[in-house]
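Undergrad: Residue numbers (this note's numbering), protein chains in the order written: chain A, 1 to 206; chain B, 207 to 412.
Virtual Cβ for every residue (Gly too), placed ideally from N, Cα, C.
This is the structure I have questions about; it appears just below.
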DNA sequence: CCCGACTGAATGAATCCTCACTCAGTCAGC
DNA sequence: GCTGACTGAGTGAGGATTCATTCAGTCGGG
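And the structure:
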């Protein structure tokens, strides 16, 4: 009812329903886990009929993929842009760490899907790891670290790939622990604590 | 019925079948993921009929729990014993890291279950995280670190809990990455590389 | 303006397949 | 022959997906 401007009602910005379904699915997956979530639950949460879900997504699995793809694409894009402005590799890594935890800390449901639900199958892990988003992220950390090695800021004898994994793992664990914890603390400040130790560990002697 | 005599006869003395089922389940879960694994698959892999599985386990879920419990119990037990012999907190942490990766590196299927399948549901994560094994493990790292802080070996201003999570996260990521990687490299040596960086990061200035 | 034909997004009951789990039997050992 | 470990076909529930139907909205012609 109401003030429908027909210009926008023909194509409700396409996203309307699709977005609603994605958001609902994130919530439902986060609460019940992917395998225990019924498509009907998602539909109800989105205020939509069961069948409507299938007008926007081929299958339940595609919904999960879409959640991941959308969030990851945006994060990497935003990340790259922020980093352009920074020169010092140390500062870049600090920024990466903060962005990492900021993103996850900003949307608990999305964080749960990322930290828990997406890990629940080797198949998916392999897909998404191979598919590249994850590799791309690790590569970004690694490249930044190598930059710092070339500049003599970081110890040259360290294996950059291992270092990147290590940093990622540390941040990842902060996020996972934060999700599982009952106590509500701030996630973001931990980025700086982690980076303090990390940078101290990898920096070349002066 | 439960007469005194039958201490060990409730279950066959040497529990061949039970072990076989657990081993088979580990393999099947690792290959297909928990939710995509059929009990029938497990039975077949164990060389046993479907029904037999239910003579030893109450449900499919109980199988997963049993895999986790058995492996974790043994690991913690063995770990504690090894550590008793060591004094230097640094050395203790190094040993923990090595043990961590040795265990996972020794049985790829078990590692997959640990790194991937057990993470696949918040419910389980919370259970097992709360249930304590995981908390106990983190606590062990933390206590060792605090010991080092008291001894003046490690920087006193660091938050021991965060440090423990960080180390765990780093090791965890080494393991996960190793599992997902196609390339077959040795997992254990990474423990020392990680510890080099880590210890360098947390040690007090001399 | 209003009408009737038309469109296609949305619906949700019905379908249909997939398993986890059960239980009536079989069989081996004593 | 009895016991109890073992079997595996069968069952029933659950839940992803489908599709016949509805109906709000659009549009051209009068």
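Along the alpha helix (DSSP H) that carries residue 274(B), what are the first and last residues, could you check?
TA: Taking the second chain and counting its residues from 1, one reaches residue 274(B) at position 68. It spans 266 to 290 - the alpha helix (DSSP H) in which residue 274(B) sits, taken as one unbroken run.
Undergrad: Return the residue from the list 202(A), 53(A) and 65(A) that minimises the CA-CA distance to residue 119(A).
TA: Within the first chain, the letter at position 119 stands for residue 119(A). Ranking the options by Cα distance to residue 119(A), first place goes to 65(A).
Undergrad: The region 192 to 203 of chain A: which residues have C-beta closer than 7 Å to a C-beta of chain B, in chain order?
TA: The region 192 to 203 of chain A vs chain B, Cβ under 7 Å: 193, 194, 197, 198, 200, 201 and 202.
Undergrad: Quick check: the region 256 to 263 of chain B against the region 290 to 307 of chain B, are there 3 or more CB pairs under 8 Å?
TA: Because the criterion of three Cβ pairs below 8 Å is not met, the region 256 to 263 of chain B and the region 290 to 307 of chain B do not touch.
Undergrad: Taking the alpha carbon of residue 280(B) as the reference point, which residue from 301(B), 321(B) and 309(B) has its own alpha carbon closest?
TA: Here residue 280(B) refers to the residue found at position 74 when the second chain is read from its first residue. That would be 309(B), whose Cα lies nearest to the Cα of residue 280(B).
Undergrad: Residues in the same chain with beta-carbon distance under 6 Å from residue 401(B), minus the five sequence neighbours each way, listed in chain order, please.
TA: Walking along the second chain from the start, residue 401(B) turns up at place 195. These residues qualify, in order along the chain: 300 and 303.
Undergrad: Tell me, please, whether the CB atom of residue 4(A) is closer than 8 Å to any CB atom in chain B?
TA: Counted from its first residue, the first chain places residue 4(A) at position 4. The predicted position of residue 4(A) is uncertain, since its pLDDT is 33 and thus under 50; a value taken from the coordinates is nonetheless stated next. Answer no: the Cβ-Cβ gap between residue 4(A) and chain B never drops below 8 Å.
Undergrad: Tell me, please, which residues DSSP counts as bridged to residue 360(B).
TA: Along the second chain, one-based indexing puts residue 360(B) at 154. Answer by DSSP bridge pairing, in chain order: 409(B).
Undergrad: Between residue 40(A) and the rest of its own chain, which residues show a CB-CB distance below 6 Å, the 5 nearest in sequence each way excluded?
TA: Reading the first chain from its first residue, position 40 is the one you call residue 40(A). Within the same chain, residue 40(A) has close Cβ partners 50.
Undergrad: Using a Cβ cut-off of 8 Å (strictly closer), state whether residue 158(A) contacts chain B.
TA: Taking the first residue of the first chain as 1, we reach residue 158(A) at position 158. Residue 158(A) counts as touching chain B.
Undergrad: Verify the CB distance criterion: does residue 326(B) have a CB-CB separation below 8 Å to chain A?
TA: Numbered from its first residue, the second chain carries residue 326(B) at position 120. True, the Cβ-Cβ gap to chain A drops below 8 Å.
Undergrad: How big is the Cα-Cα spacing for residue 379(B) and residue 169(A)?
TA: Numbered from 1 along the second chain, position 173 holds the residue referred to as residue 379(B). Numbered from 1 along the first chain, position 169 holds the residue referred to as residue 169(A). Straight-line Cα distance between these residues: approximately 5 Å.
Undergrad: Going along chain A in order, which residues have a C-beta closer than 7 Å to the C-beta of residue 378(B)?
TA: Here residue 378(B) refers to the residue found at position 172 of the second chain. Residues of chain A passing the Cβ test: 169 and 173.
Undergrad: Using a C-beta cutoff of 8 Å, does residue 93(A) count as contacting chain B?
TA: Mapped onto the first chain, residue 93(A) falls at position 93. No, residue 93(A) does not count as interfacial toward chain B.
Undergrad: Does the region 229 to 246 of chain B come close enough to the region 178 to 186 of chain A that 3 or more CB-CB pairs lie under 8 Å?
TA: Segments in contact, no.
Undergrad: In the DSSP assignment, find the unbroken alpha helix (DSSP H) run with residue 308(B) in it and report its ends.
TA: Stepping through the second chain from its first residue, residue 308(B) is reached at position 102. From DSSP, the alpha helix (DSSP H) with residue 308(B) extends over 295 to 312.
Undergrad: Can you give me the start and stop residues for the alpha helix (DSSP H) that residue 168(A) sits inside?
TA: By 1-based counting over the first chain, the position of residue 168(A) is 168. First-last of the alpha helix (DSSP H) with residue 168(A): 160 to 180.
Undergrad: Assign residue 241(B) to one of three DSSP states: helix, strand, or coil.
TA: The sequence position of residue 241(B) within the second chain is 35, counting from 1. Three-state DSSP puts residue 241(B) in coil, outside helix and strand.
Undergrad: Answer with buried or exposed for residue 283(B), where buried requires no fewer than 16 other C-beta atoms within 10 angstroms of its C-beta.
TA: Counting from one through the second chain, the residue named residue 283(B) turns up at place 77. So residue 283(B) ends up on the exposed side.
Undergrad: Since residue 141(A) and residue 167(A) are thought to touch, with beta carbons under 8 Å apart, how far apart are those beta carbons, to the nearest angstrom?
TA: The count along the first chain starts at 1 and reaches residue 141(A) at position 141. The count along the first chain starts at 1 and reaches residue 167(A) at position 167. That pair is a contact at about 6 Å.
Undergrad: Determine, using beta carbons only, whether residue 162(A) comes closer than 8 Å to chain B.
TA: Residue numbering aside, residue 162(A) sits at position 162 when the first chain is read from its first letter. Yes, because at least one Cβ of chain B sits closer than 8 Å to the Cβ of residue 162(A).
Undergrad: Of all the options 46(A), 33(A), 187(A) and 204(A), which has the alpha carbon lying nearest to the alpha carbon of residue 100(A)?
TA: The count along the first chain starts at 1 and reaches residue 100(A) at position 100. That would be 187(A), whose Cα lies nearest to the Cα of residue 100(A).
Undergrad: Measure from the C-beta of residue 278(B) to each C-beta in chain A and report whether the shortest distance is under 8 Å.
TA: Residue mapping note: residue 278(B) aligns to position 72 of the second chain, counting from 1. By this cut-off, residue 278(B) is not an interface position.
Undergrad: Report yes or no: is there a C-beta of chain A within less than 8 Å of the C-beta of residue 287(B)?
TA: Translated into the one-based positions of the second chain, residue 287(B) becomes position 81. No, residue 287(B) lies away from the interface with chain A (no Cβ there is under 8 Å from its Cβ).
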